[in-house]
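Protein chains: 2
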Amino acid sequence: MNYHYSDRVPESDEDPVGNILKVAGSDKIISFAGGLPAPELFPVDELKKVTDEVYDESGRAALQYSVANGLPELREQIVKRMVKSNIHTTADNIIITTGSQQSIDLTAKMFVNPGDTVIVEQPTYLCALDVFRTYGAHLVGVEMDDDGMKIDALEQAFVANPNTKFIYTIPSFQNPTGRTMPFDRRQKMIEIAKKYDVIILEDDPYGAIRYAGDDVAPIKSIDDDERVIYMSTFSKILAPGLRIGWIVAEKKLVKKFTLMKQSADVHSDNLTQHIIAKFMGEYNIDDHIAKIKAVYREREGVMMDAIETYFPKGVHYSHPEGGLFIWVEVPGDINTQDLFNTCIKNDVAFVPGEPFYADKVIPGTFRLNYSNMTDEKIVTGIQRLGKAIEQTIASQKVEQGA
Amino acid sequence: MNYHYSDRVPESDEDPVGNILKVAGSDKIISFAGGLPAPELFPVDELKKVTDEVYDESGRAALQYSVANGLPELREQIVKRMVKSNIHTTADNIIITTGSQQSIDLTAKMFVNPGDTVIVEQPTYLCALDVFRTYGAHLVGVEMDDDGMKIDALEQAFVANPNTKFIYTIPSFQNPTGRTMPFDRRQKMIEIAKKYDVIILEDDPYGAIRYAGDDVAPIKSIDDDERVIYMSTFSKILAPGLRIGWIVAEKKLVKKFTLMKQSADVHSDNLTQHIIAKFMGEYNIDDHIAKIKAVYREREGVMMDAIETYFPKGVHYSHPEGGLFIWVEVPGDINTQDLFNTCIKNDVAFVPGEPFYADKVIPGTFRLNYSNMTDEKIVTGIQRLGKAIEQTIASQKVEQGA
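In the order they appear, the protein sequences are chains A and B. Read in order, the letters of the first sequence are residues 1 to 402 in the UniProt record's numbering. Read in order, the letters of the second sequence are residues 1 to 402 in the UniProt record's numbering.
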């Protein structure tokens, strides 16, 4: 039969990034396309131990239905953890979600009517763009520099779009750029949000993975009128297969989130919530995060050195002090798809920049991931990538000359 | 600040059923209000064993990101399981969801534009109504008899609502009524769906929990033109804290579901998917379901006997052959809220019928659950309930006489 979909469903069945990951997944290709945490760092033994304890001590409770806003013990652990980010909150200000993606989805569902504007960084996390589009959002991308969203461009976006519902920002080690917004710019962003009376959705999956430089407190830490919906996740600091994230927001907002959450999936996996709460009670998760940071610092360093050695002059790239990603900008209006194809021929892959842009695409941009790769492969892969960039620039010069 | 919500957000923060469950949750009250499986039946030791094996054999894979449509091993187990319900399908026709609630949510998101009609049983699962309302559905309830939706009323609903997107039905041991639609009526339903070219969302969480009478094959088993979206869950046959359900549908529809699922929560808990796949590989889940059936049959029998003994004459109630619920209809336009209040005074509780109705409410109706209660408490509770019904009828007669 013919199915009559709602307006929320994309016409195409194509999943361009999924296709890239498939191509990049071939054994002989060194792929910097993914965004996976390093699985060798997952604390398997510790998780197995606490899981056994959950089964022994509260197995029947963990396997039963639970409350929509999340296991109280887990919310209490998150309250304690948030203090380290200078966010002082209570368990009633927290709702547990089935990962960050659901936090984004619930927020969009709650705030975006078709035609409402959502302001985003340009580029930004592509699966957030997908969600916002699903709910009919008008997306406005704000130009960035190495310090994140440019504040004058943000102000212009508000002037041009008085129907804006919220700003979506990943202020620390942004996906895809790896850039971090300095504290003074965060202050300016919240001033602008006040001036135009909008909320800020602060997505902070990577903030805890800082391996260089000084901590920058989340925007939520300077939120004096409950304007910021803060979200984070256990995906990068523990394990993404455990689909558990959280939102910190005003209590009455958390009540609304709870109603929407109940309607979305009743509650998040209860066994998993028990496992994580137990893990955080028995272990110091910061000790575990320290191991992640050490490995990612090493890998990012190797990638940076290789980039400096093997990339042609004039290529711009971010210098992240944490997180999982480096953003590359090849000058001269290079065709990113041509570059990608050349890379595949050279057995190396990345994610082209295009899907990360809400509107105006900057050509010649792409994202590199270093979290899930050995040092040797990073060097070999970057060497291949440097060669592919040179080849593509050369062939485009020939074409332009012809 | 003041938050400016989308039209999808209910104005009230009230959760009427949540409030009922809270009132009913007091220690001295015997509550038939919930819908919880019996936790003493959860196979805790077996789940602990297979979980340890998952950690030992594929811990890092189970803790890593996975694919949006669900773990292949789990989908293969579900293919095998579906054969027992006379549904012959493939792993590519299945998508794993974060429980039935998400299956309903994704289906509504994919098909319902604001103003589109969704036809439902009257009464039906109230959290499905919540979801449909969230997406702006126009809800049309179709009158039921003891055999489910009346077919002539269903046809009339289509004539009156040409913009219908789908029929939502729980054909076996329906929530809240416990009623089951006989096979010939299922055939008629699919004929009508063909005639008006709509899809059927078949929600089957309880079908496997039949403890009396003969199996009735799902509507999906006679779906010869891919018109039925079939959904089920591990909540009632294994454990609801493990938030895992599934959808069986046409392959191209599963592709669309996968895009929407990715945008909703990337994928369902991967550790839990591994645990259930392993459990189904090592144990015969039907042996476990047999234990559930034996206990529920016993409890339903005790409740039926108590109802026959203690309820006043003229009260109508369903006679389920499976599932978790009995539906009660007290004649004479009785005020259900008054009855509920009298029950609370008598230390017994149920869920009043009102929230289960899409539109026209039948007064004096309520749902009883027997799955999570000892025989002794069932007898005592039904005795109290019978008394409360008599008191309420008597007081209403006095009022009407005055």
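Every residue gets a Cβ at the ideal spot worked out from N, C-alpha and C, and that includes glycine.
Where the beta strand (DSSP E) containing residue i begins and where it ends
| i | result |
| --- | --- |
| Ser172/A | First-last for Ser172/A: undefined, no H or E at that position. |
| Thr233/B | Val228 to Thr233 |
Element boundaries [alpha helix (DSSP H), containing residue i]
| i | result |
| --- | --- |
| Glu282/A | Asn270 to Glu282 |
| Phe158/B | Ile151 to Ala160 |
| Thr51/B | Val44 to Leu63 |
| Asp184/A | Phe183 to Lys195 |
| Asp203/B | Where Asp203/B is concerned, there is no enclosing alpha helix (DSSP H), although the beta strand (DSSP E) it sits in stretches over Ile199 to Asp203. |
| Val254/B | Lys251 to Asp265 |
| Gly245/B | That residue, Gly245/B, is in no alpha helix (DSSP H); its beta strand (DSSP E) goes Gly245 to Val248. |
| Asn369/B | Segment Thr365 to Asn369 is the beta strand (DSSP E) holding Asn369/B; no alpha helix (DSSP H) there. |
| Val17/B | Pro16 to Ala24 |
With 16 other Cβ atoms within 10 Å as the buried cut-off, status of residue i
| i | result |
| --- | --- |
| Arg191/B | For clarity, residue 191/B is Glu in the given sequence; the question names Arg instead. The residue is exposed, with fewer than 16 neighbouring Cβ atoms inside 10 Å. |
| Thr51/B | buried |
| Glu300/A | buried |
| Val121/B | Reading off the sequence shown, one finds Glu at residue 121/B, where the question assumed Val. Result: buried. |
| Asn346/A | buried |
| Lys109/A | buried |
| Gly353/A | buried |
| Val351/B | buried |
| residue 409/A | For chain A, the structure presents residues 1 to 402; residue 409/A sits outside this window and is missing. |
| Thr342/A | buried |
| residue 419/B | A query on residue 419/B cannot be resolved here, the shown segment of chain B reaching from 1 to 402 and no further. |
| Asn381/B | First, the amino acid is wrong: residue 381/B is Gly here, not Asn. Classification of Gly381/B: buried, given that the 10 Å Cβ count is 16 or more. |
| Ser66/B | buried |
| Asp316/A | Inspection of the sequence shows that residue 316/A is occupied by His rather than by Asp. The residue in question, His316/A, is exposed, as its Cβ has fewer than 16 Cβ neighbours within 10 Å. |
| Ser26/A | exposed |
| residue 409/A | Past the boundaries of the shown model lies residue 409/A; chain A is included only from 1 to 402, so the question cannot be answered. |
| Gln174/A | buried |
| Gly35/A | buried |
| Ser31/A | buried |
| Thr374/A | exposed |
Proximity to residue i [Cα-Cα], best of the options
| i | options | result |
| --- | --- | --- |
| Pro331/A | Pro352/A, Ile362/A and Asn341/A | Ile362/A |
| Ile285/B | Phe32/B, Arg81/B, Pro16/B and Ile96/B | Arg81/B |
| Ile209/A | Ile20/A, Ala38/A and Lys387/A | Ala38/A |
| Thr233/A | Arg384/A, Ile78/A and Val348/A | Ile78/A |
| Glu73/B | Ile382/B, Ala277/B and Ile344/B | Ala277/B |
| His288/B | Leu242/B, Phe173/B and Leu238/B | Leu238/B |
| His267/B | Val328/B, Met303/B, Gly281/B and Trp246/B | Trp246/B |
| Ala217/B | Gly136/B, Ile199/B, Asp184/B and Lys397/B | Asp184/B |
| Pro123/B | Ser12/B, Tyr65/B and Phe366/B | Phe366/B |
| Phe111/B | Ile229/B, Asp204/B, Ala212/B and Leu324/B | Ile229/B |
| Phe132/A | Ala264/B, Met373/B and Met303/B | Ala264/B |
| Asp214/A | Pro320/A, Asp105/A, Ile393/A and Thr90/A | Pro320/A |
| Asp15/B | Ser235/B, Asp130/B and Thr309/B | Asp130/B |
| Leu106/B | Ala349/B, Val302/B, Asp305/B and Gln262/B | Gln262/B |
| Asn372/B | Glu390/B, Tyr283/B and Gly323/B | Gly323/B |
| Met260/B | Tyr5/A, Asn2/A and Val9/A | Val9/A |
| Gly59/B | Asn161/A, Glu53/A and Pro240/A | Pro240/A |
| Leu368/B | Pro176/B, Thr90/B and Phe279/B | Pro176/B |
| Tyr397/B | Asn335/B, Gln383/B, Tyr370/B and Ile344/B | As written in the sequence, residue 397/B is Lys, which differs from the Tyr given in the question. Measuring from the Cα of Lys397/B, the nearest candidate turns out to be Asn335/B. |
| Pro43/A | Ile167/A, Phe279/A, Phe340/A and His274/A | Phe279/A |
| Tyr3/B | Tyr196/A, Val302/A, Ile393/A and Tyr357/A | Tyr196/A |
| Ile389/B | Tyr357/B, Lys313/B, Ala358/B and Val379/B | Lys313/B |
| Ser103/B | Ala249/B, Asp7/B and Ala137/B | Ala249/B |
| Ala160/A | Gly178/A, Asp333/A, Pro205/A and Val140/A | Val140/A |
**Item:** Those runs of the beta strand (DSSP E) which lie wholly inside the segment 83-144 of chain B and span at least 3 residues
**Value:** 94-97 and 117-122
**At least 3 beta-carbon pairs within less than 8 Å: the segment 288-298 of chain B vs the segment 154-163 of chain B** = no
**Prompt:** Where are the beta strand (DSSP E) runs, 3 residues long or more, that stay fully inside the segment 304-355 of chain A, in chain order?
**Reply:** 325-329
**Prompt:** Any chance the segment 216-223 of chain A sits against the segment 55-70 of chain A, with 3 or more Cβ pairs inside 8 Å?
**Reply:** no
**Request:** Taking 8 Å as the threshold, find out whether the segment 95-102 of chain A comes into contact with the segment 248-265 of chain A through three or more Cβ pairs.
**Result:** yes
**Request:** Tell me, please, whether the segment 194-202 of chain B touches the segment 142-154 of chain B by the rule of three or more beta-carbon pairs shorter than 8 Å.
**Result:** no
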